[in-house]
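Data first, discussion second: the structure below is written as structure tokens.
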Amino acid sequence: MSENWQGNRRFSGTPVGYADMTDLTATRESHANLDIHRGMPSRESNLKERLQIGLIEVIAAAAGCNIAQPQIDNGIDLMITHECPSKHEMSGPLHVQLKATASKNRWNADRTRISAKLSHDRYDQFRMENPAYPRIIVIMDVDPEMQNWYQANDDFSKIKYRCYWTSIQGLGEVSGKSEVTVSAPRSQVFDDAALCTIFGKIKAGEKL
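Sequence positions in the sequence shown follow the UniProt record's numbering and run 1 to 208.
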């Protein structure tokens, strides 16, 4: 019987369950002399941000886009550009604000919209209507347990979260609040097809 390897764990013939692929218990048992644990538990929000940026980079690559991070934090987390293959015309940059949420109340009652909070300043920045600066907010629905973020086996790698996008350009002013709740429809999954469609709308002068 052939043997397969999953990380530092070996299994023979039978697929390994999801929990076995992500839990460190088996790895610790195989290396009892080592101190094996996930790092930086106090920096969970930073790790979620890196997780989301990693996913956006994968999506941008699959869409044939370039992606950049501003050197100075000005409220724009990522800038994405797209080149038309037939005309060598560059579209963008598309300004992106990232929000990752594991809140219990992130979904509405019928799970048709996912919500996240923006600071009032960021809300005002991204609601300003200017066709020269298309802007979207990408909300990532992330599992609260870090061990469930990533899974791999012999056939594929699986990342257990999904992003949704929305544009708030043109929305009205909100006063008296330090934070503003924004939401994205479940139908607006942010993937490579969605990103290509967004740039198609930008080129056509359509509102996002």
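Glycine is no exception: its CB is placed at the ideal position from the N, C-alpha and C atoms.
If you reduce the DSSP assignment to three classes, tell me which class Lys117 lands in.
Annotated three-state conformation of Lys117 is strand, per DSSP.
How close, in whole Å, do the beta carbons of Ile117 and Thr181 come, if the pair is a contact with beta carbons under 8 Å?
The residue you asked about is not Ile; residue 117 is Lys in the sequence shown. Sure, about 6 Å apart at Cβ, within 8 Å.
Checking 8 Å against the spacing of the C-beta atoms, do Phe199 and His82 come in under that value?
Going by beta carbons, Phe199 and His82 fall inside the 8 Å limit.
Straight-line gap, Pro41 to Ser91 (C-alpha atoms, nearest Å)
For Pro41 and Ser91, the gap between their C-alpha atoms comes out near 39 Å.
Can you find the residues in the same chain that come closer than 6 Å, C-beta to C-beta, to Ala102, ignoring five residues on each side of it along the sequence?
Correct list, in chain order: Val142, Pro144.
Determine the burial state of Arg50: buried for a count of at least 16 other Cβ atoms within 10 Å of its Cβ, exposed for fewer.
Exposed is the call here.
Please list the segments of the beta strand (DSSP E) lying wholly inside the region 116-161, counting only runs of 3 or more residues, in order along the chain.
Fully enclosed beta strand (DSSP E) runs of 3 or longer: 135-142, 150-152, 157-159.
What does DSSP give as the partner residue(s) for Gln97 in the beta ladder?
Bridge partners of Gln97: Ile137.
What number of angstroms, rounded off, separates the C-alpha of Ser30 from the C-alpha of Gly54?
Going by the C-alpha atoms only, they are around 30 Å apart.
Can you check which of these residues, Thr197, Arg162, Met146, is closest to Ser45 by C-alpha distance?
Nearest of Thr197, Arg162, Met146 to Ser45, Cα basis: Met146.
Nearest-angstrom Cα separation, counted from Ala32 out to His120:
When rounded, the distance between both Cα atoms is 50 Å.
Under three-state DSSP, which class holds Val180?
In the structure shown, Val180 sits in a strand (DSSP, three-state: E or B).
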